[in-house]
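If you're matching positions, the sequence shown starts at -5 in this note's numbering and goes up one per residue.
For every residue, glycine included, the Cβ atom is placed at its ideal position computed from N, Cα and C.
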Amino acid sequence: ACELPGLISPLDAAAGDVPGAESQAIVYLDWAGAALPLRSQLADAAAAVAGQTLGNPHCTGPAAFASMLAEDAARAQLLAHFCGHRAHEWDLIFTAGATSALKLVSECFPWADGSRLAFASDSHTSVIGMRGPAGAAGAGFACLPPDAPPSAWAATATHASPSVRHLAFFNNSSFNLAVLPLESNFDGRNYDVRRLASALHSPHEGHEQGGGQWLVLVDIAKAAGTGPVDLPGLGADFAVLSLYKLAGAPTGLGCLLAT
């Protein structure tokens, strides 16, 4: 028999067999997310936590060490899943979700006068929030239609003088950021991230026409829940993900992957 997710009750389910069946049948559809977790999945996760003492991984001692090992194992599994044999080329930072990962990038990116944040018009709404930190550092932004060619992305940048205060460490080269989903939350469109990243990273397209150096961030939250993602093959510099869209649970956990 096929196991059903814990909160989805078939109409003929007997009361008590499925959580929530006592009250009403629930049909759960999430176009932009994932299925709800299975009962066995939640039970296994609870048993794993109950069977050991886990402490703050940033502290010392046996409980902290156990947490550190669990965290390292989870990181290694995710890097292997998304990056394969090139996992050593990537770092993974756990966050509270894709939104937190986007916020982290926007706050740490080396924006300066003349930098540009360019994003696809059907990006996740959290991408729009990246304009705040970018604008505060003197960067501009541009919203592009889904069918915009790489040359249109590159043309959003300018040749304005970079801010020495922000970019002295980066050899006075201004940085721009392109953000787009691998699979659109709005209509399921698949973006050719590899083509855009390859063009923006090339000296001719990304530097001479637009000015400055381009980095590319891809939102894989929806795509990871509908099929395999070969992150190195996309050619992007960053990727963000909410893990519940991949596995159904837990919510409030995501990651930022960066070269």
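- For L73, the uninterrupted alpha helix (DSSP H) segment begins and ends at 56 to 77.
- Contact annotation, A241 with P31: C-beta distance approximately 7 Å; criterion of less than 8 Å satisfied.
- Beta-bridge partners of T89 (DSSP): G248.
- Residue state for C53 is assigned as coil, using DSSP reduced to three classes.
- Under the three-state reduction of DSSP, Q35 is assigned to helix.
- Only exposed fits N184, as fewer than 16 other CB atoms lie within 10 angstroms of its CB.
- No residue range can be given for G45, since it is assigned to no beta strand (DSSP E) and is classified by DSSP as neither H nor E.
- Under DSSP, L171 shares a beta bridge with L111, L209.
- The bridge partners DSSP lists for N184 are E177.
- Between F103 and Q35, the alpha-carbon positions lie close to 37 Å from each other.
- Apart from sequence neighbours up to five positions away, the residues of its chain that approach G49 with a beta-carbon distance below 6 Å are A57, A58, S61, ordered along the chain.
- At the C-beta level, L237 and W84 stay beyond 7 Å of one another.
- Excluding the 5 residues flanking it on each side, G227 has same chain C-beta neighbours closer than 8 Å at R188, in chain order.
- Nearest Cα to E177 within the set W147, A146, P140: P140.
- Here S168 is not near G129, since their CB atoms are 7 Å or more apart.
- For T220, same chain residues with a beta-carbon under 7 Å away, outside a window of 5 residues either side, are E177 in chain order.
- Where V121 is concerned, the enclosing alpha helix (DSSP H) starts and stops at 119 to 122.
- With contacts defined by Cβ atoms closer than 7 Å, A233 and W208 do not form a contacting pair.
- Shown here, G134 sits in a strand according to DSSP, grouped into three states.
- As DSSP reads the structure, F103 sits in no beta bridge.
- The residues A114, Y185, in chain order, have a CB closer than 6 Å to that of L174 in the same chain once the five nearest residues on each side in sequence are set aside.
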